[in-house]
Amino acid sequence: MPSPPLLEVDDLQVRFPTPAGPIDAVSGVSFSVSPGETVAVVGESGSGKSVSALAVLGLLGAGRVAGGSVRFRGEELVGAAPDRLRRLRGADIAMIFQNPMSSLDPLFTVGDQVAEALREHRRTPRRTAKARAVELLREVGLPDPERRVRSYPHELSGGQQQRVMIAIGLACEPALLICDEPTTALDVTVEAQILDLLRRVQRDHGTALLFITHDMGVVSELADRVLVMYAGRVVEHGSVAEVLGAPGNPYTRALIDSIPTPATPRDVPMPAIAGSVPHASDMPSGCRFHPRCPRVHDRCATEPPLHDIGPGRASRCWLHAAGTAGSTVAGVRGVG
Amino acid sequence: MTTTVPTSAVGRTAPTGLRAFVRAQPLGATALLLITVFVLAAVLAPVLAPHDPLEQFRRDILAEPSAQFLLGTDDLGRDVLSRTLYGARTSLLIGVSTTAVSLVLGTAIGVVSGYLGRGVDVVVQRVMDAVQAVPGIVLLLFIAVILGPSARNTVIALTVVITPSFNRIARAETLRIRQEPYVEAARATGAGLPRIMARHVLPNLFAPVLTLGSLIFAGVIIAESALSFLGIGAPPPTPSWGLMLSEGVRYVTRAPWLIIVPSVLLSLAVFSFNLLGDALRDHLDPRLQRPVGEASGRVWGRKRIPTGLAPSLAKAAEDEPDSR
Ligand SMILES: Nc1ncnc2c1ncn2[C@@H]1O[C@H](COP(=O)(O)OP(=O)(O)OP(=O)(O)O)[C@@H](O)[C@H]1O
Ligand SMILES: [Mg+2]
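So the sequences go chain by chain: L and C. Numbering-wise, the working numbering puts 846 at position 203 of the first sequence, and it's gapless, one number per residue. Numbering-wise, the working numbering puts 1402 at position 299 of the second sequence, and it's gapless, one number per residue.
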């Protein structure tokens, strides 16, 4: 990438206190997002996608960044003053969440909430903010925005609510928009519309997207690069075409194989990945995926490093180490 | 899907203003009217009262209602109507000021304690527990006896007893609200603590606090009566409804009007405040609203449902399965 990255996360480690002692929800996570680029983060539930995103904004609640760094436009955000972070949130880095209904305050009109986001960072006069709210709602495709500014969240459909959330996110024209599974709560047609909207927003404003999802289809539609996470670690990253076309890591392979296609035979069970993501308090030793991996062998008893397997591409698996034949994994259908 | 327009959204305006309230909440509006009458009666007591509330008409002791004494006289020959009007001052003043002071105080303590959490929370809540552990009447007696009987001291004593209740509910609501995704979303837009408090926490705990307030108000007026009854409230001869009740009980067979008048008014005042509290709560929650444009009753099957009852019913019908 010629332009310097907008966001650089390096060796991030996030620790949460639990009654049974501290756990590391993610560790050793590194990635970067360039201006205007879309980076997708995929992985099963519990793999640490949301935690990584929230760490960027400094919204970890009881958790804390125990190691590594987060740089935005070269500025270190780990350990930055709370007020500095507060000023960045919404203005330079915005975030939208999975459940639009509960992300809107039920007591205020949507116009109010969009205007609020504007007034937070710019001393926009109330009137101007209201007018701008209508414009923003029009831009995100809310029908009849002049009237809809006075609607309450419960009066909108899920898709419309998510459009409002996007309008709030865009209010201050952030350079980076983090979307944490923004379409998971929506049905497929609405999902397609919301993805279209995000793509258009990105084209019109040059906004960079960090897009969290567990849907490989969405990744291929939307993203330039993809980051595959498993059990708090990055297991593979690279361009979408390369990673989806020829996955380097058995976990990525299994994720891709678990997408049903029209060719998937109906009389055999869906090729799901057996077992589930281990919890941070109960991490297997060695490679974290080895208990579920179809290609497991004795070297997996020690954890593999991220091997560079091409320009801008890496995978965390011993299969890439010298002496092991083949750097991409062949189909492993029928794992489940 | 994007064009799905829930009917309730069409033509709505923000629920503001007295007129909208009257139209949407006729019962609440009636209650408001009654309360206004009570307050006016209390304020205008010197003008309205036919006699001095303390003047004793020695020849008309326990007189039945008549043209001269519209509501009769008590055992000392004092005019019951005049005493009732002046009594409204004491009772309403104590009721309203105690409820208001403890609502503000208890909510502030509960919100701060709940939001800050940790050490502050533990200390504050244990103090509140300690206050609540003492039976209310014992604490009231104790404070009233130490401070001496007066209207002001009654307010202080009642406030001490009641504040923990508001603290409790405000703290519980704060703990709930601070976990809400909309608070997280507000943080993600850069909202700081003051804004989250003012914009999200306080408005969202207003409804339950208000509901508790309308219940507490009833309790306060009754407690004031009890304190007067025990002789440690506003001291005689200052008239208050509670005092009138306690004095009138002795003559209940000979002069029932002595207790009928204050008890009916007491019940009416308490009832009005309960109704008003409920109506306000419903009115301020947009989820329980219907569009102002259709306010004159919704066609429901073949029945027209009166406006006052319709919102909750209409809402139940409109609830989409996916809205929470
Ligand atoms: N507040 C917290 N306290 C303790 N552990 C937490 C907390 N938040 C997250 N974790 C742990 O961190 C791990 C990663 O969680 P995270 O929410 O990032 O998963 P995710 O990849 O976003 O999953 P999903 O697809 O379900 O959203 C989980 O094992 C979870 O138990
Ligand atoms: Mg998540």
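C-beta atoms are modelled at their ideal positions from N, C-alpha and C, and glycine is treated no differently.
Count the other CB atoms within 10 Å of the CB of residue i; is the residue buried (16 or more) or exposed (fewer)?
i: alanine 1162/C; result: The sequence given here places arginine at residue 1162/C; alanine does not occur at that position. Classification of arginine 1162/C: exposed, given that the 10 Å Cβ count is below 16.
i: glutamine 1171/C; result: exposed
i: serine 928/L; result: exposed
i: proline 743/L; result: buried
i: valine 1352/C; result: exposed
i: tyrosine 964/L; result: Reading off the sequence, residue 964/L comes out as alanine, not tyrosine. So alanine 964/L ends up on the exposed side.
i: proline 647/L; result: exposed
i: phenylalanine 674/L; result: buried
i: proline 662/L; result: exposed
i: lysine 778/L; result: Note on identity: in this sequence residue 778/L is glutamate, with lysine being the wrong assignment. Exposed is the call here.
i: arginine 1357/C; result: exposed
i: phenylalanine 1374/C; result: exposed
i: aspartate 748/L; result: buried
i: histidine 1303/C; result: buried
i: serine 1216/C; result: buried
i: serine 1415/C; result: Low local confidence applies: a pLDDT of 39 at serine 1415/C is under 50, so the model's placement there is unreliable, with the coordinate-based value given in what follows. It is exposed - the Cβ of serine 1415/C has fewer than 16 other Cβ atoms within 10 Å.
i: glutamine 1282/C; result: exposed
i: phenylalanine 740/L; result: buried
i: cysteine 960/L; result: buried
Any idea what DSSP makes of residue i, helix, strand or coil?
i: arginine 956/L; result: strand
i: cysteine 943/L; result: helix
i: isoleucine 1272/C; result: helix
i: glycine 1411/C; result: With a pLDDT of 38 at glycine 1411/C, under the threshold of 50, the predicted position of this residue should be treated as unreliable, and no value is reported.
i: aspartate 726/L; result: helix
i: glycine 1239/C; result: helix
i: arginine 707/L; result: strand
i: threonine 1292/C; result: coil
i: leucine 700/L; result: helix
i: aspartate 1385/C; result: helix
i: arginine 714/L; result: strand
i: threonine 681/L; result: strand
i: alanine 1117/C; result: A caution first: alanine 1117/C carries a pLDDT of 46, below 50, which makes its placement in the model unreliable, though a value can still be read off. Three-state result, alanine 1117/C: coil.
i: glutamate 719/L; result: strand
i: leucine 1147/C; result: coil
i: valine 783/L; result: coil
i: histidine 1154/C; result: coil
i: leucine 962/L; result: helix
Residue i lies in the alpha helix (DSSP H); which residues open and close that run?
i: glutamine 656/L; result: Run containing glutamine 656/L: none in the alpha helix (DSSP H); it sits in the beta strand (DSSP E), 650 to 659.
i: isoleucine 837/L; result: 831 to 848
i: methionine 1347/C; result: 1344 to 1351
i: arginine 1126/C; result: 1120 to 1127
i: glutamate 879/L; result: Taken as a continuous stretch (DSSP letters only), glutamate 879/L belongs to no alpha helix (DSSP H), being part of the beta strand (DSSP E) at 876 to 882.
i: aspartate 735/L; result: Counting along the chain, aspartate 735/L falls outside any alpha helix (DSSP H), and DSSP gives it neither H nor E.
Under 7 angstroms from any heavy atom of ligand 1, does the C-beta of residue i make it?
i: serine 980/L; result: For chain L, the structure presents residues 644 to 979; residue 980/L sits outside this window and is missing.
i: glycine 918/L; result: no
i: serine 901/L; result: no
i: isoleucine 1280/C; result: no
i: histidine 797/L; result: no
i: serine 746/L; result: no
i: phenylalanine 659/L; result: yes
i: isoleucine 1325/C; result: no
Starting from residue i and walking both ways along the beta strand (DSSP E), at which residues does that stretch end?
i: alanine 668/L; result: 666 to 676
i: isoleucine 855/L; result: 851 to 855
i: methionine 1300/C; result: Careful: methionine 1300/C lies outside any beta strand (DSSP E) and carries neither H nor E.
i: glutamate 798/L; result: No beta strand (DSSP E) contains glutamate 798/L, which DSSP labels as neither H nor E.
i: methionine 744/L; result: Counting along the chain, methionine 744/L falls outside any beta strand (DSSP E), though it belongs to the alpha helix (DSSP H) covering 743 to 746.
i: aspartate 1178/C; result: Here aspartate 1178/C belongs to no beta strand (DSSP E), and DSSP marks it neither H nor E.
i: tyrosine 873/L; result: 868 to 873
Under the criterion of a Cβ to heavy atom distance below 7 angstroms, does residue i qualify as lining ligand 2?
i: glutamate 1287/C; result: no
i: aspartate 858/L; result: no
i: glutamate 987/L; result: What is shown of chain L runs 644 to 979, which leaves residue 987/L out entirely.
i: serine 794/L; result: no
i: serine 1216/C; result: no
i: serine 1093/C; result: Only positions 1104 to 1427 of chain C appear in the structure, and residue 1093/C is not among them; the question remains open.
i: serine 863/L; result: no
Exercise. What are the residues of the segment 1158 to 1189 of chain C that lie near chain L, defined by any Cβ-Cβ distance shorter than 7 angstroms?
Worked result: none
Exercise. According to a CB-to-CB cut-off of less than 8 angstroms, which residues of the segment 1282 to 1306 of chain C neighbour chain L?
Worked result: Glu1283, Pro1284, Tyr1285, Glu1287, Ala1288, Ala1289, Arg1290, Ala1291, Thr1292, Gly1293, Ala1294, Gly1295, Arg1298, Arg1302, His1303 and Pro1306
Exercise. What residues in the segment 703 to 719 of chain L bring their beta carbon closer than 7 angstroms to a beta carbon of chain C?
Worked result: So nothing in the stretch comes that close.
Problem set entry | Contacting positions in the segment 730 to 741 of chain L - beta carbon closer than 9 angstroms to chain C | Flagged, chain order: Arg730, Leu731, Arg732, Gly733, Ala734, Ile736, Ala737, Met738, Ile739, Phe740 and Gln741.
Exercise. Relative to chain C, which residues along the segment 837 to 854 of chain L have a C-beta separation below 7 angstroms, given in chain order?
Worked result: none
Exercise. Of all the residues that make up the segment 806 to 826 of chain L, which are near chain C by a beta-carbon distance shorter than 7 angstroms?
Worked result: Ile811
Exercise. Between the segment 1236 to 1264 of chain C and chain L, which residues of the former have CB atoms less than 8 angstroms from a CB of the latter, in chain order?
Worked result: Those residues of the segment 1236 to 1264 of chain C that come within reach of chain L (Cβ to Cβ, closer than 8 angstroms) do not exist; the list is empty.
For this session: Below 9 angstroms between beta carbons is the criterion; list the residues of the segment 1376 to 1393 of chain C that meet it against any residue of chain L, in chain order.
Result: Leu1387, Asp1388, Pro1389, Arg1390 and Gln1392
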